[in-house]
Structures are given as structure tokens and as C-alpha cells.
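J.:
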Amino acid sequence: MKNIPDWIDKIIEDLVEPSTKLSDTLLKVQVLAFKIENTQLKEWVNLEINGYVGKERPDYRKIPTVVKGNLIQDAGFQGIWTKKSVSLPVEYLDQKYWDVLMSIKMDSSVSELEKMVADKGSYQVNLPHAIAQEFSKIMNPWHVDSAWQKISNNSIEGILSTIKSTLLNFLLELNKEFGDNDNLSIMKKKDEVESIFNKTIGTIKSDNVNISIGNKTAQAVNYGDKSQVNVGAGDNVTQSINAEMNAEIQEFIDLLKKQMANLGLDIEEKEDIINEVARVETQIARESPKTNIINGALSTIKGILTGIAANAYTPIVLEKLGDLMSKF
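Per this note's numbering, the sequence shown starts with residue 1, numbered consecutively.
1) Drop a sphere of 10 angstroms on the beta-carbon of valine 66, count the other beta-carbons inside from all chains shown, and report buried for 16 or more, exposed for fewer.
2) Determine the contact status of threonine 162 and tyrosine 60, defining contact as a CB-CB distance below 7 Å.
3) Does the segment 7-22 touch the segment 139-158, meaning 3 or more C-beta pairs lie closer than 8 Å?
4) Please state whether the Cβ-Cβ distance between glutamine 73 and tryptophan 148 is less than 7 Å.
5) So the beta strand (DSSP E) tryptophan 148 belongs to, where does it begin and stop?
6) How about the segment 283-291 and the segment 130-140: do they share at least three Cβ pairs that are nearer than 8 Å?
7) In whole angstroms, what separates the C-alpha of isoleucine 97 from that of leucine 127?
8) Helix, strand or coil, according to DSSP, for asparagine 403 in the structure here?
9) Once the 5 residues before and after lysine 83 are set aside, which same chain residues still bring their CB inside 6 Å of it?
10) Could you name the residues that DSSP lists as bridge partners for tryptophan 81?
11) Do phenylalanine 135 and leucine 88 have their C-beta atoms closer together than 7 Å?
12) Are the Cβ atoms of glycine 303 and isoleucine 104 separated by less than 7 Å?
13) Quick one: is phenylalanine 77 buried, meaning 16 or more other Cβ sit within 10 Å of its Cβ, or exposed?
14) Rounded to whole angstroms, what's the CA-CA distance from phenylalanine 197 to isoleucine 138? Just pull it up for me.
15) Measuring CB atoms only, is the segment 41-55 touching the segment 248-263, in the sense that at least three cross pairs come out at less than 8 Å?
16) Within 10 angstroms of the Cβ of leucine 27, are there 16 or more other Cβ atoms? Answer buried if so, exposed if not.
17) DSSP three-state call for valine 66: helix, strand or coil?
Right, dumping it as C-alpha cells:
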């Protein structure tokens, strides 16, 4: 049986090898967790392998979503008018819905996430009829027949990338701690291992919507008390943006529009980004913009851009976006 330093080295090699599935690598991490007798690592890797259904999900599994809907309108003798897959204005709903509808915490296993990315499909979470009714109240004379949250394939890939990079950081630190000492006593290093875990993978708690992803459609959506834990309220929701910040936001929008054709986006991704840009522009034109709406739109744009094939333009846009979001 491989000693611990060799086992760690092998896992690191797997993580930097693009052809190796993360789900396969996690099985080796599971073995490592038992070798080094670390309970936190055992629990974490088990959840990543089996999924977080009914469990708290870490923040890196939270991804931005775009809410879409099919609209109908009674046109009298002309019949029924329809509009398909229209972006719905979440910001005009009661603010208790904002955080719930603008993001999702995925509880699928890593192997399920990898399959979703490989299939290159378009995934969605169907929303309850009651939510569609709320949208209908603000879209008269149109009626929202159905509504859903659209999940970007790139955002799913971003979750996998975060797991991989965080795990790699943990293992590199662990490798530094263990060195090449084959006879190292695990018990003497337990505290150091705990510290490394907490500094890298950590024990982040979660809240938000209970989502279970099946074959491209959510099988269960629970809007309970916990779904509203992070809802913004009061002065933190609506606040003034000074001229300097307004100019920075506009500068980013101009950059994004200029580079849109160079980012390798498909038609749907371009459409979603255009819709989110419109949300931002609507808010910054107001006397009292809702900063959480702006931040939500920027998060959605980041989720779409994260994971697309790297080119000379993507890092420039993402760096500018990251700098902008850090100021909210």
C-alpha cells in the first residue's frame, strides 16, 4: 500500500491532469481521509461524492440564475398571443423573493455535475405556479403561464473548478506538512491537518433553496423559512451609488459590450448577458438603485463567463468584473 506522501502526490497528479474525472479523484481523497484520520475531510469528500441532498451546502455551490417564463395574453377574437422564454423582472417582485430566485445552491453529486457539463445541455429549475402568479401581477396584460430558473452550464463547471482548486490547495499544504517522511506519526500531526483543512476547504455553512437536480429539471424545490435567510432588507438593499462607482459600472459595461463577440459565447449566453446588462443599466439610471439587484446581475454575468474556453479576452473582462464586485 502506498505511504501517505506518495498517495498525496498521486492525487495531486490526478487533479492537474485534465482527462481525469474529479469524481474518480475524490475516491482517492476518501481513502486519504481515512489514512490521515481526519473526520472533517471524510465528511466533506463523502458529501461531494454522494451529493448534498437534505444537507447544508457550501457557498461555492451557489450559482446565479436567470428567471425565464412563457407568457400568454387573451387577444379576444384574434385568439391567444404568446411569448416564449422571456426574461422575467425579479427586481419588481417583493424583495423576499430576490435572493431565492436569483441564485441556487446545487446539491448534486460531483459525478452528476460532471455529466451535466459533458452533456452540454440547458438546465432549469421549474418554479411553483404561485411564483408565476406573482410575476403575472406585475406583467398585466400578459399572464405568466410557466416560469423557471435557467442554470448556466458554465456555472456548473465553475463549481467543479472551485472544488478542484480548493482541494489542490489543501493537498499542496498537506504535502508540505508531511514532506517525504514515510514513518510520520499521524497522531502527532492531527492538529496541523485540522488547521490546514480549515484554512483551505473549511466548514462553510449554508442556507437558501432546497434544490434537487434530476434529468435536466429540478425534482424538488422547497421555499421554506430557510429560503429567506439571506434576503436583503432596509438600507442595505437600496442605497445611493456615487458618481465614481456609477462610472466604474458603466466602464465595465462598455468593456463587456466591446468584447462580447470575442468571448466565445453561444447565442443563449449572449442573450442572457444582454438581459443582465439591461438590468444593471436600468438600476444605475435611477436616483436610488438597488445594489443587490446590480450585484445579482453582475454575479449572473460572472457565472456565465466563468468556465468558458479561455482566450485572450476572458481574463481581462473577468478581472475587471471581479474588481467591480469587490466594491459592493
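Note that CB positions come from ideal geometry on N, CA and C, so glycine has one too.
T.: With the given structure in hand:
1) buried
2) yes
3) no
4) no
5) Unbroken beta strand (DSSP E) run through tryptophan 148: 143-151.
6) Because the criterion of three Cβ pairs below 8 Å is not met, the segment 283-291 and the segment 130-140 do not touch.
7) Sequence inspection shows tyrosine at residue 97; the isoleucine mentioned does not correspond to that position. Looking at the two C-alpha atoms, the distance is approximately 12 Å.
8) Outside the shown range of the chain, which is 1 to 328, sits residue 403, and nothing can be said about it.
9) Leu71
10) Gln73
11) Cβ distance < 7 Å, so phenylalanine 135 and leucine 88 count as in contact.
12) no
13) exposed
14) 48 Å
15) Three or more beta-carbon pairs separated by less than 8 Å are not found between the segment 41-55 and the segment 248-263, which leaves the two stretches without contact.
16) exposed
17) strand
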